[in-house]
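Reading through the structure tokens given below for one structure.
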Amino acid sequence: RRGALMPKRHAWRLAARAGLASCACVLIALAALWSRSGEGEGFCARDALLEAGQLTESDLKPAGARAMRVAEFEAWVRDQEPTLADIMRLPSAFKRPGANESASVTVVLNHFQRRTLCAQLEALLGQTVVPSHIWVVVFGSPIADTLERVADSYADARTSVAVVRSQLNLKYYGRMQVAARAPTRFVLVLDDDMIPGSLFVEQMMHAAHTRELGGAVLGSIGWLLPRPQGDGRFGSYRDLNGSGGVYFPDEAYGILVERAVETDYLCSMWFLRTAWLAMLFREAPPTFATAEDLQVSLLLRKYARVRSVVMPVDPGDKRTWADSAHRLAWIGATTTGPGAKTTKPGSNTPTRDRAWWLGLSRGGNMRSMAERPETQRGQALLVAADEGTARALRPIYEGLSRRAGGQLR
30 RRGALMPKRH AWRLAARAGL ASCACVLIAL AALWSRSGEG EGFCARDALL EAGQLTESDL
90 KPAGARAMRV AEFEAWVRDQ EPTLADIMRL PSAFKRPGAN ESASVTVVLN HFQRRTLCAQ
150 LEALLGQTVV PSHIWVVVFG SPIADTLERV ADSYADARTS VAVVRSQLNL KYYGRMQVAA
210 RAPTRFVLVL DDDMIPGSLF VEQMMHAAHT RELGGAVLGS IGWLLPRPQG DGRFGSYRDL
270 NGSGGVYFPD EAYGILVERA VETDYLCSMW FLRTAWLAML FREAPPTFAT AEDLQVSLLL
330 RKYARVRSVV MPVDPGDKRT WADSAHRLAW IGATTTGPGA KTTKPGSNTP TRDRAWWLGL
390 SRGGNMRSMA ERPETQRGQA LLVAADEGTA RALRPIYEGL SRRAGGQLR
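In the numbering used here, the protein residues as written are 30 to 438.
What follows is the structure, encoded as structure tokens:
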């Protein structure tokens with residue numbers, strides 16, 4: 030009888046252990062949910078956040094303004110450039126990982142006080158190709174403790190979620206320095222208002238392993254900088270009415286990117302080889318306050334001939350978008366200074382303008398220069414960062430003009 034009871038006792042012990050393990054799993058899950066929901070009203074309200082990030086009729090610009098901006102953008106689009114479907118048909122060395130595996134890419138998220146961390150982490154863990162590392166960079170944030178607790182609650186066997194924290198606000202260059210230490214071949218840096226669709230990482234990995242796009246920094250939002258004005262001066266990149274740059278995509282103006290577009294610089298998102306980030310410090314930054322996005326594209330183009338390309342999307346499938354909630358960039362808290370999109374006091378626009386003007390004066394290039402007939406072989410474009418420098422260079426220009434028989438202009 031004793032021998033007959035042993036299996037039952039053993040079974041009871043196993044059942045008890047299994048029950049305890051289940052309880053532990055439930056408690057861990059509840060703790061994670063409590064951590065996410067207990068950090069203040071709406072901190073992890075992903076559905077509400079995504080809904081708020083969708084444009085409404087009131088967000089759209091007047092028809093005339095939309096038509097003008099679309100025309101400006103389309104002047105830069107080339108029919109021979111690929112659509113997303115074309116890119117996904119290209120031969121690629123990327124091998125899709127198995128169901129419980131991840132891809133060799135580190136995602137770097139930069140958070141200050143916008144409440145989008147839950148939505149970003151859930152979007153990344155819901156990718157068809159999950160990144161192997163997710164690093165949450167928190168520099169000088171007033172809600173740093175909350176952000177760290179939320180990040181810690183997203184444990185996943187397929188990836189490693191870690192927080193890189195400092196009391197100092199090392200800002201935008203700081204996150205790029207962190208990204209340069211990624212242990213993976215590729216790195217994806219996302220602004221805090223970018224909620225990628227579920228196909229996005231797979232698309233970027235596929236494109237980065239193709240012959241056609243493997244030598245480019247890939248992004249989802251770009252700026253084409255303005256051409257010189259009639260007097261030879263460059264205006265602000267944020268000026269409108271045809272004299273400034275072109276920002277795309279921009280749903281408010283009806284601009285979507287359906288073909289790959291080479292751009293002067295990328296913003297809000299960068300997908301590139303980790304080793305390339307060392308190039309960001311090939312020259313002393315003009316400022317540490319902003320403009321790291323300008324510098325990434327400018328210096329990689331200047332020293333390594335690496336293009337910056339905005340990837341196309343499928344307009345009807347937001348799973349292919351990097352910013353499935355485009356309107357988030359306009360609302361809520363932000364890591365930029367006040368009035369960043371205007372010339373109001375506190376705006377960083379004048380600082381950013383000086384940065385790209387200085388970059389050109391140091392020998393940088395931009396797409397409009399490469400495509401202008403007056404900058405073709407045998408001719409030159411002399412760029413000065415400010416009026417004082419231009420006056421100092423005038424004797425050199427006049428000497429070159431005399432040697433060219435007065436044909437230099």
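A virtual CB, placed ideally from N, CA and C, is assigned to each residue, including glycine.
Can you pull the DSSP bridge partners for residue 126?
Per the DSSP secondary-structure output, residue 126 pairs with nothing in a beta bridge.
With a floor of 3 residues, list each beta strand (DSSP E) that falls wholly inside the stretch 230 to 278, ordered by position along the chain.
Uninterrupted beta strand (DSSP E) stretches at least 3 residues long and entirely within the stretch 230 to 278 occur at 245 to 248, 251 to 253, 275 to 277, given in chain order.
Go to residue 191, then tell me how far its beta strand (DSSP E) extends in each direction, as first and last residue.
Its beta strand (DSSP E) spans residues 189 to 195.
In angstroms with no decimal places, state the Cα-to-Cα distance between residue 69 and residue 145.
Per-residue confidence for residue 69 stands at a pLDDT of 46, beneath the threshold of 50, marking its modelled position as unreliable; no derived number is given.
Can you tell which of 284, 397, 418, 310 has the C-alpha that lies nearest to the C-alpha of residue 203?
Per the Cα distances, 310.
Under DSSP, the beta strand (DSSP E) around residue 302 begins and ends at which residues?
Residue 302 -> beta strand (DSSP E) spans 298 to 302.
Alpha-carbon to alpha-carbon, residue 431 and residue 363:
Only weak support exists for where residue 363 lies, its pLDDT of 49 falling under 50; the coordinates are left without a value.
Beta-bridge pairing of residue 163 - partner residues as DSSP gives them:
Residue pairing of residue 163 in beta bridges, as defined by DSSP: 136, 190.
Between which two residues does the beta strand (DSSP E) containing residue 337 stretch?
Residue 337 -> beta strand (DSSP E) spans 336 to 339.
Would you mind giving the Cβ-Cβ distance between residue 252 and residue 274, rounded to the nearest angstrom? I have them listed as a contact below 8 Å.
The pair is a contact, with the Cβ atoms about 5 Å apart (cut-off 8 Å).
Do the stretch 92 to 108 and the stretch 283 to 290 touch if we need at least three Cβ pairs shorter than 8 Å?
By the C-beta criterion, the stretch 92 to 108 is judged to be in contact with the stretch 283 to 290, since at least 3 inter-stretch pairs fall below 8 Å.
Quick check: the Cα distance between residue 329 and residue 184, rounded to an integer number of angstroms?
Residue 329 and residue 184 have their C-alpha atoms spaced approximately 35 Å apart.
Keeping to the same chain, check which residues put their C-beta closer than 6 Å to that of residue 353; ignore five residues upstream and five downstream.
Within the same chain, residue 353 has close Cβ partners 224, 226, 347.
Just mark residue 425 as buried or exposed, buried being the case when its beta carbon has 16 or more other beta carbons within 10 Å.
Around the CB of residue 425, fewer than 16 other CB atoms lie within 10 Å, so the residue is classed as exposed.
Output yes or no for whether 7 Å exceeds the beta carbon distance between residue 256 and residue 397.
Cβ atoms of residue 256 and residue 397: closer than 7 Å.
Classification of residue 175 by the beta-carbon crowding that lies within 10 angstroms, buried from 16 upward:
Burial check for residue 175: the Cβ neighbour count within 10 Å reaches 16 or more, so the residue is buried.
Residue range of the unbroken beta strand (DSSP E) whose run includes residue 215:
First-last of the beta strand (DSSP E) with residue 215: 215 to 219.
Over the uninterrupted alpha helix (DSSP H) stretch that includes residue 400, give me the two end residues.
Note, residue 400: alpha helix (DSSP H), 396 to 400.
Residue nearest to residue 240 in terms of C-alpha spacing, selected from 119, 205, 206
Cα-wise, what sits closest to residue 240 is 119.
DSSP-derived helix/strand/coil call for residue 292
The answer is strand: DSSP assigns residue 292 an E or B state.
Which class does residue 322 belong to by DSSP, given the choice of helix, strand or coil?
Per DSSP, reduced to three states, the secondary structure at residue 322 is helical.
Quick check: what's the CA-CA separation for residue 429 versus residue 221?
A straight-line Cα-Cα distance of about 49 Å links residue 429 and residue 221.
Does residue 115 come out as helix, strand or coil in the three-state DSSP assignment?
Three-state result, residue 115: helix.
Just the Cα atoms here: how many angstroms apart are residue 231 and residue 420?
Between residue 231 and residue 420, the alpha-carbon positions lie close to 51 Å from each other.
Please classify residue 315 as buried or exposed, where buried requires at least 16 other C-beta atoms within 10 Å of its C-beta.
The Cβ neighbour count for residue 315, taken over all protein chains shown within 10 Å, is at least 16; the residue is labelled buried.
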